[in-house]
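K.L.:
Residue numbers (my numbering): 102 to 269.
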C-alpha cells in the first residue's frame, strides 16, 4: 500500500506492514463512525467503498518503527505503539480541521465538511480512544503489567500536546 515517503532505516516492506496493521486495527470495528475514520485515513470513499489515497503521510508511525529498529527492536512488538502514535496524530488532524474550518484534507473533503462538525468531533474522539486501546491491548497480550504512573504521564503529555495544537 503506497504511502508518502519512507524514513531512513525502514523498508517498503516495513511501511506496508505498518499500513496493514493500522488498517486491520481500524477495520476490526464495523460501525459508521469507523467508516469515517477509514475515510480520513484514506482507505475508503465517502460511501465506505474501497479507495486508496496514495498521498497519506504516515511519518509519525514510521518514526516509532524506525526508532525501535535503531534500538534493536522488532516490528511485531513495536507495531501497536506505532499504530497508537499514528492514530493520535490523526485525532489531532481531525480536530484541527474542525477548529480551522479546513474543508479539505489530502485533496478531498475533510470529515467535518462531509459529515458535519459534530460527527467529525465524534470520529476524532474515536480515533483518540482507539490509540489508547492499541496500547492497552499490546500490554494485555504481552503479559506486561502496565505501570499506571507511566501511562498517566504519557497520557498527560499527549493531552498537553493536543491542548497546544488546539490553541494555534
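Don't be surprised by glycine CBs; every beta carbon is placed ideally from N, CA and C.
Use the C-beta contact count for residue 179: other C-beta atoms within 10 angstroms, 16 or more gives buried, fewer gives exposed.
P.N.:
Taking every protein chain shown into account, the CB of residue 179 has 16 or more other CB atoms within 10 angstroms, so this residue is buried.
K.L.:
Would you say the region 131-150 touches the region 210-230, given that touching needs at least three Cβ pairs under 8 Å?
P.N.:
yes
K.L.:
Taking the straight line between their C-alpha atoms, what separation do you get for residue 172 and residue 217?
P.N.:
43 Å
K.L.:
Apart from the five residues on each side of it in sequence, which residues of its chain come closer than 6 Å, Cβ to Cβ, to residue 228?
P.N.:
Around residue 228: 138, 188, 191, 192.
K.L.:
Which parts of the region 121-203 are runs of the alpha helix (DSSP H), unbroken and 4 residues or longer, counting only runs that do not cross its ends?
P.N.:
Listed in chain order, they are 133-141, 160-171, 176-201.
K.L.:
Identify, in the order they occur along the chain, each residue of the same chain with its Cβ nearer than 7 Å to the Cβ of residue 183, setting aside the five sequence neighbours on each side.
P.N.:
119, 162, 165, 166
K.L.:
Is it true that the CB of residue 207 sits closer than 8 Å to the CB of residue 143?
P.N.:
yes
K.L.:
Cα separation between residue 221 and residue 198?
P.N.:
9 Å
K.L.:
Rounded to a whole number of angstroms, what is the C-alpha to C-alpha distance between residue 225 and residue 134?
P.N.:
10 Å
K.L.:
For residue 215, report the span of its alpha helix (DSSP H) as first-last.
P.N.:
212-216
K.L.:
Could you tell me the distance, in whole angstroms, from the CA atom of residue 236 to the CA atom of residue 204?
P.N.:
31 Å
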